[in-house]
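K.L.:
Handing you a structure now.
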Amino acid sequence: MKDGEDITRTRFRVHPALAGYRLDQFLMRMIPRLSRNRIQKAISDRVRLSWDAPVKPSTPVREGGEVIIESPHPEEAAIDFDPVVLYEDEDLLAIDKPPGLVVHPTHNHLRNTVISLLRRRRGEDTLALAHRLDAETSGVLMLTRHRWAARKVQTAFERGRVRKHYLAVVFGRPPEDTFTCRQPLGYHSVDTVVYRQSPLADRTRECETRFRVLRRVGRMSLVEAELLTGRRHQIRAHLALEGYPVVGDKLYGLEDRQVRQYLHAGMELDEALRERLGADRCQLHCHSMVFTHPRRERGEIVVRAEMPADMVATLESGSTTAEDSP
């Protein structure tokens, strides 16, 4: 590393099932898109351990320890970011988040994130995310404008007082107009896909999602999802478990070998994977959010974002194989 260089640190905690693995084998599981040679070069140049041990490929990893990779932060090209404002007052800001943009800084994105771009554009350093959306997910994103509002809204989210509805274009035609999934979910850490949520995980948490079919168009359907709990990837994981994966979902809509193929290709889609997925991005959209304003005398706030054009086009593309039905 060069002096003065911006550094990002990626941390991997050692799951009990992987304790004792060689360091290089552990990292190959954590970052399957990297070759063994690149892993070993990273170990010699950029890897640190949270426990006292030599940093070399053969070192066994320790349960509960952290393997830390230090990397120079990549250059980020300037982007034009002018989101639609759905709601705004002295406490809150809600925007219609476009797909393809991460909401908070990561090891690959420091400046080109929703929170960083909004703070710079609006000159408000106190803006804070009230919740998160995945990079490929579009729709309602709520932010708070100062600390008091942040505390109030965070409490509302934690206590389940915010009603959230999503729209998803899925593969398949659910026979029932409404259905509920209550499969518990947790990180299946020993899976090739490290961060996939699964009921097979060692530790799971209760989850519940209600679904309502709005349209059936050929081989696809438009489904509304209401989150009754708020786990990461909950809608995507539950729909996949029900047999109706979200169109374009690269994590839950592919088999393990296809996910490995995608990762090893540098997260680029070839034609075969693109055809299998049905869309370049996960067709999931936060459609509405309903909550009581932090200043309770203002009553209930309803914020909505219309389904974006790319999801409309994806849904209509399903009609090439069968008749449309309600």
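Quick note, the sequence shown lines up with residues 1045 to 1370 if you use the numbering used here.
Virtual Cβ for every residue (Gly too), placed ideally from N, Cα, C.
Everything numeric in this text was worked out from a predicted model, so none of it was measured.
1) Scan the stretch 1223 to 1304 and note each continuous alpha helix (DSSP H) run of 4 residues or more that stays entirely inside, going in chain order.
2) Between the Cα of His1059 and those of Gln1084, Ala1245 and His1190, spot the shortest distance and give me the residue it belongs to.
3) Going by DSSP, name the residue or residues bridged to Ile1139.
4) To the nearest angstrom, how far is it from the Cα of Gly1343 to the Cα of Lys1294?
5) Kindly indicate which residue of Asp1124, Val1158, Glu1268 and Pro1228 has the alpha-carbon position closest to the one of Leu1327.
6) With H, G and I counted as helix, E and B as strand and the rest as coil, what does DSSP make of Ala1172?
7) What is the DSSP secondary structure of Pro1060, counted as helix, strand or coil?
8) Among the residues of its own chain, which have a CB less than 6 angstroms from the CB of Gly1064, if the five just before and after it don't count?
9) Starting from Tyr1210, follow its DSSP beta bridges and name the residues at the other end.
10) Of all the CB atoms in chain C, is at least one closer than 8 angstroms to the CB of Ile1112?
11) So is Pro1338 buried or exposed if we call it buried at 16+ other beta carbons inside 10 Å?
12) Please classify Arg1165: does DSSP put it in a helix, a strand, or coil?
13) Is it the case that the Cβ atoms of Gln1241 and Ala1281 are separated by a distance below 8 angstroms?
14) I'd like to check one pair, Pro1218 with Leu1229: are the Cβ atoms closer than 8 angstroms?
15) Tell me which same chain residues have a C-beta within less than 6 angstroms of the C-beta of Val1334, skipping the five on either side of it?
16) How about the stretch 1132 to 1152 and the stretch 1166 to 1177: do they share at least three Cβ pairs that are nearer than 8 angstroms?
17) Can you name, in chain order, every residue of its own chain whose Cβ lies under 6 angstroms from the Cβ of Arg1256, other than the five neighbours on each side?
18) According to the neighbour-count rule (16 or more other Cβ atoms, all chains shown, within 10 Å of its Cβ), is Ser1265 buried or exposed?
P.N.:
In short, the structure shows the following:
1) 1278 to 1286
2) Here residue 1059 corresponds to residue number 15 of the sequence shown, with the count starting at 1. For His1059, the nearest C-alpha among the options comes from Ala1245.
3) Within the sequence shown, numbered from 1, the residue matching residue 1139 stands at position 95. BP columns for Ile1139 point to Val1129 and Leu1185.
4) Translated into positions along the sequence shown, residue 1343 becomes position 299. Translated into positions along the sequence shown, residue 1294 becomes position 250. Answer to the nearest angstrom: the Cα atoms are 40 angstroms apart.
5) Within the sequence shown, the letter at position 283 stands for residue 1327. Leu is not the amino acid found at residue 1327; the sequence shown has Gln there. With distances taken between Cα atoms, Gln1327 lies closest to Glu1268.
6) Position 128 of the sequence shown, counted from the first residue, corresponds to residue 1172. The answer is strand: DSSP assigns Ala1172 an E or B state.
7) As a first step, residue 1060 must be located in the sequence shown, where it is residue number 16. Judged by DSSP in its simplified three-state form, Pro1060 adopts helix.
8) Numbered from its first residue, the sequence shown carries residue 1064 at position 20. These residues qualify, in order along the chain: Pro1104.
9) As a first step, residue 1210 is located in the sequence shown; it is residue number 166 there, counting from the start. Ala1269 and Cys1330, per the DSSP bridge assignment.
10) The structure shown contains no chain C; it is built from a single protein chain.
11) Taking the first residue of the sequence shown as 1, we reach residue 1338 at position 294. With 16 or more Cβ atoms within 10 Å of its Cβ, Pro1338 is classed as buried.
12) Numbered from its first residue, the sequence shown carries residue 1165 at position 121. Three-state DSSP puts Arg1165 in a helix.
13) Looking up residue 1241 in the sequence shown gives position 197. Looking up residue 1281 in the sequence shown gives position 237. Cβ atoms of Gln1241 and Ala1281: closer than 8 angstroms.
14) Position 185 of the sequence shown, counted from the start, is the residue given in the question as residue 1229. Position 174 of the sequence shown, counted from the start, is the residue given in the question as residue 1218. In this structure, Pro1218 does not lie closer than 8 angstroms to Leu1229 by Cβ.
15) In the sequence shown, counting from the first residue as 1, residue 1334 sits at position 290. Once the five neighbours on either side are set aside, the close Cβ partners of Val1334 are Arg1207 and Val1346.
16) Yes, the stretch 1132 to 1152 touches the stretch 1166 to 1177.
17) Translated into the one-based positions of the sequence shown, residue 1256 becomes position 212. Closer than 6 angstroms at Cβ, skipping near neighbours: Thr1222 and Glu1268.
18) If you number the sequence shown from 1, residue 1265 lands on position 221. When all chains shown are included, Ser1265 counts as buried.
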